[in-house]
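When the letters of the sequence shown are read in order and numbered with full-length UniProt numbering, they come out as residues 1 to 685.
All residues carry an ideal CB built from backbone N, CA and C; glycine is no exception.
Only one structure is covered here, and it is reproduced in the block below.
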Amino acid sequence: MQARCGRVGQNTDVRSRILVQNAFRFDRSQWRPLEALRCTAGLAVPVLLGVLAGQAPLGVLAATGALNAGLASYSGVTRSRLRLMLTTSVVTALVTVLGVLAAHEVWAATLAALVVGSLLALYGQSGPAALTVSLQATSVLVVMTGLQLPVSQALPAGLLVLGGALVQTVLLVAVWPASRRSPERRAVANVYRSLARYVEAWDEDASLPGVPDAVPLQNAWALLDEARGFAWRDEHAALVQSLQAAEEIRASLTGLGGASVAYRAQRPGRAARLASALARTLRRVESDVRQGHAGHASVRSRAELRGLRQRLAALDGGTPDERSERHWAELIVARLDRLLRLPPPSRPLPAPQGASSPPPAAGPDAAPVTLLGRLTGLLARMPRSVPLQQVAWRHALRFGVALALSTLLYRALNVSHGYWLPLTVAVLLRQEFSATLTRGVARLSGTLAGVLLAAGIVAALHPGAALLSLLSLLAAFLVYALFLTNYAVFSVAITLYVVFSVEAAGIAQRLAVETRVVATLLGGLLALAFHLVWPTWQARQAQGVLRDALARHLAYAEAVAALYAAGSGPEREQAAETARSARLAARQLRLQAENLVQAAALEPGRRPLRADLAALVGELSREAARTLALHAEALDGNPDEHRPAAPDVPWTHAPWTLTPDAVVLGARALLDRVPGSETAAAPTP
């Protein structure tokens, strides 16, 4: 009994540590002062015009559109941002009109929250850009139904919001040429940064490192896919090559991380030096990509790679653990070597095999043109994995019901400024329990800190309308600059902005502050309650998604084996296209399965199932590393040039063997371990 209690306590400590890390991890690379400055300038125009005209409330209302349009500018590639900002502007204006019209009837406000909330939640699952629009539109709908403005102001309010958003859009479009293609560079660089962090974390935790974070890779593929819809440049092709290399390195790092656990116990010094050299090399590649040098390495990158090779040469390779460590390290070094030896893209390069990618979530990633068109595309191209379809629909319905019930609750109780309750539910309630929990902790702590800080500033300065407007602009700058760094500090900034802007508009704020604190606490509890009463547990869904991912991976392994054996001419071109399509499909479900398993880490119960799923995901990633390496060899046309040395041991005893038959056999054996799988139905080369 004591041992069991000890294990439970240890498991709780691990969950608490993960929760705190996810909620308060500050990403300094996402600090955006220049972008924040230009977005704040666009927001300042309606605020200052309202103050000068003696109509501060109208200026604050127009600034709502400017605020949302500015936040939307953080998503997508440069050219697609215009469409996204215009979509955000129009949708925000429409929900403003709808919110004002529905505000005076409880049934109308509740029905609007149910229907529009469900549609926006479904729409938001189609990609990162759509999620941004969905959250902003839902928040505006909740606030407008809560303010209960006169019905006669519905159209003027919508026009004010639209006007503020369009002013922001025009100002931001005017400065975009100075930052062309920087979003794509930043996205690919962030993948290498996440891989370097993954390696650096080995010194902090001696246990099995698990699988690297999938979100940076998903976001990068989504952004490059989006870029293919516009002018495709030689730099985009180089970025795709860098991202393909990162995908293969990421999969190999899972194998190296597992091997390092055993190797560290035998040779801790050598293992640590190898990991340190690998992390420095990844950091240097990150710097090259971020500075626009993708496809042609700097002198420092080549120097770091030489140092990494020296550390690799120091590995003995005598015991099985040492050979496994050396194998995975050789795979990574070989891929880095191929990447850093690519010639500079002095001429336009064609999009290489695998340049496009499936979406990171349940649908396409291109920036939306219209909400209706995006919803239509989403419904037509829902993920082929049935468990993912079920989760998407269930969460959309749950979100709408939760928003409607929280709206009905505060309206029935006639709570002044009670719209903070459904607003908190809208912000916190996510498809994953872990995301709801971490965002809840971050939101609550950030809101409380922001309220206390704002109250202290107001009490100390007793500011007038002009100073309050200036303070709201300063808070807006922090909102934009901190938007992507951490949700807790972003919550502090957005709370300061709300307090100062509402004070500047002349609305009594003391009651609003108190209500905001209480409603935020109740909203967080209500969001968690909906997860418990109406759960969409990721561990329960992950097994079916993982089964689909393993089946896709088997099809990919067989397609690579067919490409390896194909001749020349049309036969090889067809085999290459089949392998490319299979790779994209396998990547999509593999990353989705990884996300589900990682999201299940904070869920209550089902610990044995979570452990089994985590082990299968790790093995799938290692199998993907071998298949990706074999695919690269087949495309190179020189299979033996980059193949790491492998001892003469049967595949069943040597996971480093790299042959077409071996990767197919490994994929089939892994699929057979999942209940309900039927490998006999899988395609064969």
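V492 is not a Cβ neighbour of G544, given a cutoff of 8 Å. Taking 4 residues as the minimum length, the alpha helix (DSSP H) runs contained wholly in the region 436 to 502 are 465 to 482, in order along the chain.
Scanning its chain for C-beta atoms nearer than 6 Å, with the 5 sequence neighbours on each side dropped, one finds around L484 the residues Q30, in chain order.
Of the residues I249, M144 and T88, the one whose Cα lies closest to the Cα of Y198 is I249. Excluding its 5 nearest sequence neighbours in each direction, N595 has C-beta neighbours in its own chain below 6 Å: A214, listed in chain order. Only exposed fits H104, as fewer than 16 other CB atoms lie within 10 angstroms of its CB.
Secondary structure at T536: coil, using DSSP grouped into helix, strand and coil. DSSP, reduced to helix, strand and coil, places G59 within a helical segment of the structure shown. For E200, the uninterrupted alpha helix (DSSP H) run begins and ends at S182 to E200, by DSSP.
A contact is defined here as three or more CB-CB pairs under 8 Å, and the region 124 to 140 meets this definition with respect to the region 420 to 438.
Secondary structure of D612 (DSSP, three-state): helix. Counting C-beta pairs with one atom in each stretch, the region 183 to 191 and the region 118 to 129 have fewer than three that are closer than 8 Å, which means they do not touch. Contact between L217 and L591 holds: CB atoms are separated by about 7 Å, below the 8 Å threshold. L58 is positioned such that its CB atom lies no closer than 8 Å to that of Y192. Look at N414 here: in three-state DSSP terms it is coil, with no helix or strand label.
In this structure V663 is not in contact with R411, their Cβ atoms being roughly 59 Å apart against a cut-off of 8 Å.
Put simply, of L496, S80, A460 and A112 the residue whose alpha carbon is nearest the alpha carbon of L94 is A112.
Buried is the label assigned to D225, since at least 16 other Cβ atoms lie within 10 Å of its Cβ.
DSSP places R32 in the coil class of the three-state scheme, outside both helix and strand. Here E594 carries a helix assignment [DSSP, helix/strand/coil].
Per the coordinates, the alpha-carbon of H395 lies some 26 Å from the alpha-carbon of V517. Using a 10 angstroms sphere on the CB of R300, the tally of other CB atoms stays under 16, which defines it as exposed.
For T659, no alpha helix (DSSP H) encloses it, and the DSSP letter there is neither H nor E.
In the three-state scheme derived from DSSP, where H, G and I count as helix and E and B as strand, E432 is classed as coil. Proximity to E247 across V479, L308, L628 and R28 peaks at L628, based on C-alpha coordinates.
Closest in alpha carbon position to L397, among L48, V115 and E325, is V115. As the crow flies, the alpha-carbon of A187 is around 21 Å from that of Q598. Here the alpha carbon of R28 sits roughly 44 Å from the alpha carbon of A575. In the pairwise beta carbon analysis, the region 547 to 565 is classified as touching the region 581 to 588: at least three pairs are separated by under 8 Å. Around the CB of H236, 16 or more other CB atoms lie within 10 Å, so the residue is classed as buried. Here L149 carries a coil assignment [DSSP, helix/strand/coil].
The region 462 to 476 and the region 429 to 442 do not touch, with fewer than 3 CB-CB distances between them shorter than 8 Å.
Here DSSP, grouped into helix, strand and coil, assigns V289 to helix. Annotation for P216: the continuous alpha helix (DSSP H) segment containing it runs V215 to A227. For S301, the enclosing alpha helix (DSSP H) stretches over residues V299 to A313.
Residue range V106 to G124 is occupied by the alpha helix (DSSP H) that includes A121.
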